[in-house]
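Just so it is clear: in the sequence shown, position 653 is 733 by the working numbering, and no numbers are missing.
We put the CB at the ideal spot given by N, CA and C, even for glycine.
Notes for the one structure printed next.
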Amino acid sequence: MNLPKLRFPIKTKLTVATLIPLGIAILICWMAGVFILSAKVAAQAQEKVRYDLSVAREAYQSELSRIYDVVKLTASFGRTAETIASGDERAVSEALSSVRTGERLDILAAVDASGKVIFRANNPELRGDDKTRNQFVARALKGEIASGTTILPSSELEFEGESLVHQARIFPSAQAPVQLNGAMFLLVAAPVRDKAGNLLGALYGGVLLNNNQKLVDRIRAVVYEGARKNGSDVGNATIFQGDMRIATNVPNTDGSRAVGTRLSAPVQERVLLKGAKWVGRAYVVNDWYLTAYEPILSLQGVPIGALYVGMLESQYSAVKIDMAVLLSFVLLVSGLVGVSMAGFLGKKLSQPIRELDSLARRVAAGERNVKSSIDSRDEIGDLAGRFNDMSRSLVEREDSIIELNRNLEEKVQSRTAELEEKNRLLVQTREELLRVEKLAAIGELAAGVAHEINNPMAIIRGNTELLQLSVPEDAPIREEVDTIFQQVKRVERIVSNLLKFARREQMEAGAVRLNELLHEIVGQIGHQVPLEGVEIVEQYAENVAQVEGDADQLRQVFTNLVLNAVQAMPAGGVLTVRTRPLGAEGGCEVKVADTGVGIALENLRQVFNPFYTTKANGTGLGLSVSYGIIREHGGRIDVESVPGGGSTFTVLLPRSQAAGP
Numbered sequence: 081m082n083l084p085k086l087r088f089p090i091k092t093k094l095t096v097a098t099l100i101p102l103g104i105a106i107l108i109c110w111m112a113g114v115f116i117l118s119a120k121v122a123a124q125a126q127e128k129v130r131y132d133l134s135v136a137r138e139a140y141q142s143e144l145s146r147i148y149d150v151v152k153l154t155a156s157f158g159r160t161a162e163t164i165a166s167g168d169e170r171a172v173s174e175a176l177s178s179v180r181t182g183e184r185l186d187i188l189a190a191v192d193a194s195g196k197v198i199f200r201a202n203n204p205e206l207r208g209d210d211k212t213r214n215q216f217v218a219r220a221l222k223g224e225i226a227s228g229t230t231i232l233p234s235s236e237l238e239f240e241g242e243s244l245v246h247q248a249r250i251f252p253s254a255q256a257p258v259q260l261n262g263a264m265f266l267l268v269a270a271p272v273r274d275k276a277g278n279l280l281g282a283l284y285g286g287v288l289l290n291n292n293q294k295l296v297d298r299i300r301a302v303v304y305e306g307a308r309k310n311g312s313d314v315g316n317a318t319i320f321q322g323d324m325r326i327a328t329n330v331p332n333t334d335g336s337r338a339v340g341t342r343l344s345a346p347v348q349e350r351v352l353l354k355g356a357k358w359v360g361r362a363y364v365v366n367d368w369y370l371t372a373y374e375p376i377l378s379l380q381g382v383p384i385g386a387l388y389v390g391m392l393e394s395q396y397s398a399v400k401i402d403m404a405v406l407l408s409f410v411l412l413v414s415g416l417v418g419v420s421m422a423g424f425l426g427k428k429l430s431q432p433i434r435e436l437d438s439l440a441r442r443v444a445a446g447e448r449n450v451k452s453s454i455d456s457r458d459e460i461g462d463l464a465g466r467f468n469d470m471s472r473s474l475v476e477r478e479d480s481i482i483e484l485n486r487n488l489e490e491k492v493q494s495r496t497a498e499l500e501e502k503n504r505l506l507v508q509t510r511e512e513l514l515r516v517e518k519l520a521a522i523g524e525l526a527a528g529v530a531h532e533i534n535n536p537m538a539i540i541r542g543n544t545e546l547l548q549l550s551v552p553e554d555a556p557i558r559e560e561v562d563t564i565f566q567q568v569k570r571v572e573r574i575v576s577n578l579l580k581f582a583r584r585e586q587m588e589a590g591a592v593r594l595n596e597l598l599h600e601i602v603g604q605i606g607h608q609v610p611l612e613g614v615e616i617v618e619q620y621a622e623n624v625a626q627v628e629g630d631a632d633q634l635r636q637v638f639t640n641l642v643l644n645a646v647q648a649m650p651a652g653g654v655l656t657v658r659t660r661p662l663g664a665e666g667g668c669e670v671k672v673a674d675t676g677v678g679i680a681l682e683n684l685r686q687v688f689n690p691f692y693t694t695k696a697n698g699t700g701l702g703l704s705v706s707y708g709i710i711r712e713h714g715g716r717i718d719v720e721s722v723p724g725g726g727s728t729f730t731v732l733l734p735r736s737q738a739a740g741p
């Protein structure tokens, strides 16, 4: 069913023509606006997170400065020098323990000038160990004040107290503790001098960063000032020892702190291996954040950890969405105004065209001398003038066109018939030419293949016959030997057919009595195939006397056709062989028909192609050889078939070779 084509008024087309550029412009503006806004918001977010990292670094350094001030002042003022010089452990204990407790230090200890610990405020019972290998203490004993971040090995951490060893352990959520090689400290060491300036020893103190949640919470409070969204903090901070979070307020999915999680590989490579900052979008534990990382350096400037700040990306995604919605609303309002203006202008511009359409309909309905009153100085006015000219000349030409149409119709019919006939002949000639070329090419190939196979097969046949003579009839392998011999004979038969196909032997023309030849073939066909259930009908026209041709070759053709017809009726049927003269041309027609299985439509054009066969033991050469023989006799062979209704092969032969088909 053909659906009617949609009709669009000129007003609609003009409106659409106006709206398309407007829509494209609005779309480009919207895309550009969203892109620019997103880029601006992203840039501001990047800048914000960089600034947040700077604030976090200042908060981190502020804690270090606090420890610096405490250790420095404790070492320089008060009675620290006197108590260390006196060796009074009780006085040293009273001086340092109160400072450690009041200033919230995790470790605070004094060493003598040789670097041996004389008192630990957090582990008073253990003293006398050598601290000269500690670079902070070593510098202090040289008269310098050393401050920074360091990792105390696990062996040294045990001297500082069991409580710090326990605090330094990292317990990931629902997992066993992670074994770290040491613990991360903010550490300051300052020299202790007497009033004369002589070095008496050193004082070192620090704060353990592992599981120091107060410090990261204080950093977050300084950076984000307690900002929250939907009940959650918009930002968080983390201190890494190596690539592992040792103090963080980044939440796990269950709400616990994500202590024990690790840096991603790209961040680890840039921050810990290259010692550079990393700023960007990252998936942290269970959400997307805008993050910034910077390395935490040891006293020698080697990255030993990282400081991280990050804020939820959704904070800025909501801003981008709000701005995109606002921009979309503005552009939508602009588009609606544009649509209204386009509709108004389209209506005004389409009015003259609609008038011309009405006049054209009147002319199409048969009205003549129709004139347009449109008087506009543009292309529509020119079109109205041409319409009036057309209307005047239409009547004058109508009669002549009717007459021409009558003559034209007759000529078209005549030429169409001629063209169809020529096309039919052209297609037929082309098919014949292709078939002849194919037969010639395959004939050359068949001759070569048959020649190469024939000699080896003669040797195989001779050896097989010798093998038959040497093997008794009742031997177990006698059946296999006979099978080999039968298959060799089959190959020889195929080679013989190939040679017949390839040789195209010269025709020995003579008088051939078709009726007698056909009757003889039908009478002998029972010696080749069983005729059980097959009814043979012979209908020979008496006025078909004889034709000029090669009797042996024609016998081969008709034998092949009759044999194929019988084999096409395995369940029995009617085989019809009949002849009739071809009138004034003097030729004759032979039809061989069966009521067998027929030939499928898609196979009908291939039956004369070499090597095409539907038989299990066929070679596919019989009909192609027959086709070549009939052509050499100047005749034609055709086939008609109905699947399940039988096939009819028709052979047309000229009476003499000089007469042609």
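Helix, strand or coil for residue i per DSSP?
| i | result |
| --- | --- |
| Val-672 | strand |
| Met-537 | helix |
| Arg-457 | coil |
| Asp-562 | helix |
| Gln-737 | coil |
| Glu-503 | Per the sequence shown, residue 503 should be read as Asn rather than Glu. Looking at Asn-503 - three-state DSSP - the assignment turns out to be helix. |
| Gly-726 | strand |
| Asp-462 | helix |
| Ile-717 | strand |
| Phe-706 | Inspection of the sequence shows that residue 706 is occupied by Ser rather than by Phe. DSSP places Ser-706 in helix when its eight states are reduced to three. |
| Val-731 | strand |
| Phe-239 | helix |
Give me the Cα-Cα distance between residue i and residue j, rounded to the nearest whole angstrom.
| i | j | result |
| --- | --- | --- |
| Ala-362 | Gly-385 | 18 Å |
| Glu-162 | Ala-125 | 55 Å |
| Val-677 | Ile-540 | 38 Å |
| Thr-639 | Gln-633 | 10 Å |
| Ala-651 | Thr-496 | 48 Å |
| Pro-734 | Glu-588 | 16 Å |
| Val-382 | Val-245 | 24 Å |
| Ser-378 | Thr-229 | 6 Å |
| Leu-206 | Leu-353 | 38 Å |
| Val-287 | Met-403 | 46 Å |
| Ser-142 | Asp-323 | 23 Å |
| Ser-336 | Val-365 | 11 Å |
| Gly-446 | Asp-469 | 17 Å |
| Glu-374 | Leu-144 | 17 Å |
| Gly-208 | Asp-313 | 47 Å |
| Val-624 | Leu-598 | 12 Å |
| Ile-482 | Arg-434 | 30 Å |
| Leu-505 | Asp-718 | 16 Å |
| Val-687 | Val-672 | 15 Å |
| Glu-393 | Tyr-140 | 24 Å |
For a quick check, are the C-beta atoms of residue i and residue j less than 8 Å apart?
| i | j | result |
| --- | --- | --- |
| Ile-198 | Ile-225 | no |
| Val-602 | Ile-616 | yes |
| Tyr-148 | Ser-234 | no |
| Ala-201 | Val-389 | no |
| Gly-340 | Pro-252 | yes |
| Val-614 | Leu-655 | yes |
| Leu-283 | Ala-327 | no |
| Ala-276 | Ala-263 | no |
| Ala-631 | Gly-590 | yes |
| Val-217 | Ala-269 | yes |
| Ala-749 | Val-272 | With the chain covering only 81 through 741, there is no way to say anything about residue 749. |
Quick one: using the 10 Å Cβ neighbour count with 16 as the cut-off for buried, is residue i buried or exposed?
| i | result |
| --- | --- |
| Tyr-131 | exposed |
| Pro-723 | exposed |
| Glu-174 | exposed |
| Thr-755 | Lying before the first or after the last residue shown, residue 755 is absent from the chain, which here runs from 81 to 741. |
| His-713 | buried |
| Asn-278 | exposed |
| Met-111 | exposed |
| Thr-557 | A small fix is needed here, since residue 557 is Ile in this sequence, not Thr. Under this definition Ile-557 is an exposed residue. |
(message) Which runs of the beta strand (DSSP E) at least 3 residues long sit entirely within the region 608–677? Give them in chain order.
(response) 614–619, 627–629, 653–661 and 668–673
(message) Quick check on the DSSP output: what are the complete alpha helix (DSSP H) runs of length 4 or more inside the region 112–188, in order along the chain?
(response) 160–166 and 169–182
(request) Quick one: which unbroken beta strand (DSSP E) runs of 3-plus residues sit fully inside the region 241–302? Chain order, please. (result) 263–273 and 279–288
(request) Taking only runs that begin and end inside the region 310–338, name each unbroken beta strand (DSSP E) of 3 or more residues, in chain order. (result) 315–321 and 324–328
(request) Please specify which runs of the beta strand (DSSP E), each continuous and at least 3 residues long, are wholly inside the region 403–428, giving them in chain order. (result) none
(request) Please go through the region 331–384 and give each complete beta strand (DSSP E) segment of 3 or more residues, from N-terminal end onward. (result) 358–364 and 367–377
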